[in-house]
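Reading through the C-alpha cells given below for one structure.
Residue numbers (the numbering used here): 2 to 77.
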C-alpha cells in the first residue's frame, strides 16, 4: 500500500475537515427544524385547548413548571 505523500496530505486533511463541518452544519439544521416543528405543535396544541376548553394563560406557567420537573436542566 502506498503511503500518503507529504504533498497530498494537506489537501486530504482540508477535504476531511470540510466534510466534517458540512455534516455538523446539516445535523444542526435538522435538529433546529425538528425543534421548530415541536415548539409550533406544542403552541398550537395549547391554543386549541385554550379555545375549546377555556383554559387560561396560567396553563402555560403550569405546563412550564411540570416540564421543568420532568426535564431538569433543559430549556427551550
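All residues carry an ideal CB built from backbone N, CA and C; glycine is no exception.
Owing to the predicted nature of the structure, the values given are computational and were not obtained by experimental measurement.
C-beta contact flag for residue i and residue j at 8 angstroms
{"i": "residue 47", "j": "residue 61", "result": "yes"}
{"i": "residue 41", "j": "residue 50", "result": "no"}
Residue i - containing alpha helix (DSSP H), residue span
{"i": "residue 41", "result": "10 to 54"}
{"i": "residue 65", "result": "59 to 71"}
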